[in-house]
Amino acid sequence: MIQCLNVYKRFAGREVLSGVNIDIPNGQIFGLLGPSGAGKTTLIKILTGQLGFDSGRVTVLDKDVKALSGEDKKKIGIMMDQFGVYERFSCADNLKVFADIYGVPQSRIKEALEQVGLADAYHTRAVNLSKGMRARLCLARVFMHDPKILFLDEPTSGLDPQTTRQIHRIILDKKESGCTIFLTTHNMEEAASLCGRVALLNEGKIVESGAPEEICRKYNHQKKIMIHLSSGKDEELTHTPGAADEICRLMKEGKIETIHSSEPDLETVFLELTGRKLEEEEENEKQHDSF
C-alpha cells in the first residue's frame with residue numbers, strides 16, 4: 305500500500321533523508337519513531353505528494369506518488385499538526401468546507417463528529433475548543449471522506465492521557481475497518497500499543513525496524529527475570545535452568561507477587577542505537593495551532 309525504495313532528500317545541502325526504505329501492507333498501523341528533526345514530517349510530505357525528493361522511488365496505493373490522480377488523492381487522509389481548522393467557523397462549518405472539496409454528502413458531517421465524540425460540539429466555534437477537541441475535529445475531517453490510507457503526524461502530541469486514550473481508540477477502530485495508517489510519534493508507549501510494525505528514524509536514517517516486541521527482544525542483552533515477592537523483596541534471576549527451578553520453588557511456596565522479563569522498551573533501544581532519546585525536542589520547535 306505504501307512503499308519507499310532508497311529515498312533521499314536534501315535541503316540546502318543537508319541530507320534530511322538518507323536511503324529510506326519502508327514497505328507497508330494494507331490494513332496495518334505503521335509507526336515512524338524519532339525525535340523532532342529526525343525527518344518524520346518530511347517523509348510524510350513526500351508520501352502525500354506535498355514535497356518532491358531527490359532520488360529513489362515512492363509508491364502509494366500501488367502507484368508512483370508523482371502519478372496519483374485527483375481521485376487517488378481523495379483516498380488519502382492527512383492530519384499534520386492542526387492545519388485546516390478555521391477558528392471562526394463552527395465544527396460543522398469546518399467540515400462543510402472539506403465536504404464540498406471532497407464531494408462528500410453533508411450527511412457525513414454529523415456522522416464524522418459523532419465518530420470522534422464531538423456530536424455535542426456541532427455548533428461550537430473552533431476557537432472555543434480545547435486542544436484535545438481540536439485534535440478530534442482534525443480527525444473528523446480526515447475521516448469524513450472514508451480514506452483508505454491515513455497519515456497522522458504526532459496526533460496526540462501535547463494531549464492529556466484521557467484524550468490520548470480516546471484518540472487511540474478511534475485510530476484502532478479505523479484500522480479494524482481496513483484502513484492503512486502511517487503514524488509518526490516520539491512516544492514509544494503509543495507506538496508499542498498501536499503499531500504492528502515500527503521504524504526508528506534518526507538523522508534521516510532508519511536504524512532499526514520490525515514489530516515493537518521483536519525489536520525489544522532483539523536488544524534484550526541482559527536476559528534477566530525480575531521477581532517481586534510477597535515479602536516485599538525483589539529478586540533478579542538470569543535465564544538459566546537453575547532460574548527455572550528457583551521460580552518453580554517460589555511459586556509452589558506462594559511467594560511470588562509479580563514476575564517480569566527484562567526486555568528493554570523502544571525508548572531504551574533507540575537510546576542504545578543513537579545516543580538520543582525519542583522524546584527529545586528541538587530547542588526552537590514551533591507549535592502551529594492553525595493555518
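Residue numbers are given in the numbering used here: position 114 of the sequence shown equals residue 418, and the series is strictly consecutive.
Even glycine gets a Cβ: it sits at the ideal position worked out from N, Cα and C.
Span of the beta strand (DSSP E) around residue i
i: residue 307; result: 306–315
i: residue 502; result: 501–506
i: residue 514; result: 509–514
i: residue 334; result: 333–337
i: residue 330; result: No beta strand (DSSP E) holds residue 330; DSSP gives it neither H nor E.
Limits of the unbroken alpha helix (DSSP H) element including residue i
i: residue 554; result: 545–556
i: residue 567; result: Per DSSP, residue 567 belongs to no alpha helix (DSSP H) and is neither H nor E.
i: residue 497; result: 492–498
i: residue 447; result: 435–447
i: residue 374; result: 374–377
Nearest-angstrom beta carbon gap, residue j and residue i [assumed within contact, 8 Å]
i: residue 305; j: residue 328; result: 6 Å
i: residue 567; j: residue 521; result: 6 Å
i: residue 312; j: residue 358; result: 5 Å
i: residue 484; j: residue 353; result: With a Cβ gap of about 16 Å, residue 484 and residue 353 do not count as contacting.
i: residue 510; j: residue 570; result: Not a contact, Cβ separation roughly 14 Å.
i: residue 279; j: residue 392; result: Since the first residue of the chain shown is 305 and the last is 595, residue 279 is not available in this structure.
C-beta contact flag for residue i and residue j at 9 Å
i: residue 447; j: residue 425; result: no
i: residue 342; j: residue 505; result: yes
i: residue 532; j: residue 340; result: no
i: residue 557; j: residue 335; result: no
i: residue 365; j: residue 453; result: yes
i: residue 456; j: residue 441; result: no
i: residue 399; j: residue 438; result: no
i: residue 388; j: residue 449; result: no
i: residue 379; j: residue 488; result: no
i: residue 507; j: residue 428; result: no
Rounded straight-line distance, which links the Cα of residue j to that of residue i
i: residue 481; j: residue 468; result: 20 Å
i: residue 513; j: residue 503; result: 4 Å
i: residue 550; j: residue 524; result: 21 Å
i: residue 561; j: residue 539; result: 11 Å
i: residue 574; j: residue 501; result: 15 Å
i: residue 367; j: residue 376; result: 9 Å
i: residue 543; j: residue 307; result: 39 Å
i: residue 474; j: residue 547; result: 43 Å
i: residue 537; j: residue 559; result: 10 Å
i: residue 346; j: residue 460; result: 19 Å
i: residue 497; j: residue 472; result: 9 Å
i: residue 351; j: residue 324; result: 12 Å
i: residue 463; j: residue 407; result: 32 Å
i: residue 499; j: residue 517; result: 10 Å
i: residue 319; j: residue 355; result: 15 Å
i: residue 348; j: residue 492; result: 19 Å
i: residue 383; j: residue 478; result: 14 Å
i: residue 326; j: residue 309; result: 7 Å
i: residue 565; j: residue 476; result: 27 Å
C-beta neighbour in chain B for residue i, strict 9 Å
i: residue 472; result: Among the chains in the structure shown there is no chain B, since it carries only a single protein chain.
Exposure of residue i, with buried meaning 16 or more beta-carbon neighbours within 10 Å
i: residue 466; result: exposed
i: residue 317; result: exposed
i: residue 409; result: exposed
i: residue 458; result: buried
i: residue 430; result: buried
i: residue 606; result: Here the chain covers residues 305 to 595 and nothing more, so residue 606 does not appear.
i: residue 361; result: exposed
i: residue 385; result: buried
i: residue 371; result: exposed
i: residue 545; result: exposed
i: residue 420; result: buried
i: residue 369; result: buried
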